[in-house]
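For the sequence shown, position 228 matches number 228 in UniProt numbering, and the numbering has no gaps at all. Please read the structure below before turning to the comments.
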Amino acid sequence: MARKTKLEAQETRNSLLDAAELLFQQRGVSRCSLQDIALAAGVTRGAIYWHFQDKAELFNAMMERATMPLEEGMHPPSAAAAHLTLTELRWGLVNVFYSAMHNERTRRVFEIAMQKVEYTGEMQALQERKLAAHREWREQNRAAFNHAVGLGQLPASLDTRVAALSLVALVDGLLHQWMMDPSSFDLLEVGHAAVEGFLTSLASKDANLLPPMSQEERARLGQVGICRRSSEPGA
């Protein structure tokens, strides 16, 4: 009997998370109450408080359920390994793109996290969790790059901090662009090419491709547009 009760409790919890996913996607997080979620799941409001302290905790559980498999794929496969290899790093990121395209739950929670939640009020506490996750992501990238430098795969002159931050921005930007307009490009194909191109570019020893930005160029930042209008002199 105890085993059945535990199973039923887990089924109720999953039903609440399922209902929250669908309602958050349809209405946005701020426009959904716990009562709305309980009704959609076919349970009482009290059942929610049995499993979750508040909406923020429910939201956090919903995100973890969908993203935990992806996060596990971004850790070294061997317990003895302290860092991802570049090949493992590439696979983990491409797997994120694949899952966003082909796993409905992954796509749904990405859409909610990127487009349907405001980190204010009761959700404000989750902002720090989001920032912590990004910091961990950057440090994981940096550790992989430092390891690759030690192996001689990447040049010793590489600024691994900048490289790690740039990779996060590349992946995050691609996901945001695709979530806004999924029909505009193939996320898996473009993401794979972009990540591979970025990682390959880090190994380039051609330091003369672009000269350092001059003081004059820096002084003009924000003062003129990137492209001249046709009416401007010299256009």
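For every residue, glycine included, the Cβ atom is placed at its ideal position computed from N, Cα and C.
- 8 Å or more divides the Cβ of L17 from the Cβ of A40.
- Your pair F185 and A164 does not check out as a contact, with CB atoms roughly 25 Å apart and the cut at 8 Å.
- The residue among A148, R31 and E64 with its C-alpha nearest the C-alpha of K116 is R31.
- Judged by DSSP in its simplified three-state form, Y98 adopts helix.
- For the 8 Å CB-CB criterion, F59 and M114 do not form a contact.
- The DSSP-derived three-state label of A203 is coil.
- A contact is defined here as three or more CB-CB pairs under 8 Å, and the region 151-161 fails this definition with respect to the region 99-107.
- Put simply, of G121, E136 and A194 the residue whose alpha carbon is nearest the alpha carbon of W91 is A194.
- Assignment of K116 by DSSP, reduced to helix, strand and coil, places it in the coil class.
- Boundaries of the alpha helix (DSSP H) around S166: T160 to M180.
- In this structure, the straight-line span from the alpha carbon of E21 to that of Q35 is close to 14 Å.
- Contact between M62 and V109 holds, since their C-beta atoms are separated by about 7 Å, short of 8 Å.
- DSSP places T67 within a helical segment (H, G or I) once states are collapsed to three.
- Taking a C-beta distance under 8 Å as the contact criterion, A143 and A56 do not qualify as a contact pair.
- V162 counts as exposed, since fewer than 16 other C-beta atoms from the protein chains shown sit within 10 angstroms of its C-beta.
- Contact annotation: L93 and V171 have beta-carbon atoms nearer than 8 Å.
- DSSP places T85 outside both helix and strand once states are collapsed to three, so it counts as coil.
- Taken through DSSP and simplified to helix, strand or coil, D18 comes out as helix.
- Ranking E216, T44 and R27 by CA distance to the CA of I112 puts R27 first.
- Taken atom to atom, the span from the alpha-carbon of G46 to that of Y119 is near 25 Å.
- In the same chain as L188, and ignoring 5 residues on each side of it, the C-beta atoms closer than 6 Å to its own belong to F97, Y98 and M101, in chain order.
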